[in-house]
Amino acid sequence: PLNYCEVIRTLCEVLSLIYSKLLARSAVSRSGHKAITKFDTWMKTKLFAKIVEHISMVSKKVLEGEFELISRNLLAPYKQHLKEMEEKIEKEKIEKMKEKQAQEDNNKLNEEKVGKSQVV
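The sequence shown: position 24 = 728 (the numbering used here), numbered continuously.
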């Protein structure tokens, strides 16, 4: 596979040599200078802008993945603690409901006993 960093570095070195050769000539005509400037503008807008855009997109995706891993690793203990607390609260609610139901059942039994004793 191609190493894109090497390809871009080499391209930049070659362009640098080309520019040096073209601009080193003392008799660069006005039209020659315009052609060089036009080519330079094209390289910036068409080639290098696309490369920078692609590298930025890839970098952003890599960073998002890394931040997700960091986030998961940092928050894992807290999430476990939160889960344990929720389970504890749920158990306490169930216990309170059982106690309330037992109290209601006990009250009904007492009422039935009182009612039977009054009948007798």
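The beta-carbon is built from N, C-alpha and C at its ideal position, and this holds for glycine as well. Just so we're clear, the structure is a prediction, and the values are computed from it rather than from any experiment.
Distance from the CA of Phe-743 to the CA of Ile-722, rounded to the nearest whole angstrom, comes to 12 Å. It is roughly 20 Å from the alpha-carbon of Leu-813 to the alpha-carbon of Lys-800. Secondary structure of Pro-781 (DSSP, three-state): helix. Boundaries of the alpha helix (DSSP H) harbouring Leu-726: 708–728, taken from the DSSP string. DSSP places Ser-763 within a helical segment (H, G or I) once states are collapsed to three. Straight-line spacing of the CA atoms in Glu-790 and Tyr-782 works out to 12 Å. Here Ser-733 carries a coil assignment [DSSP, helix/strand/coil].
Put simply, the backbone Cα of Leu-706 is about 11 Å away from that of Ile-712.
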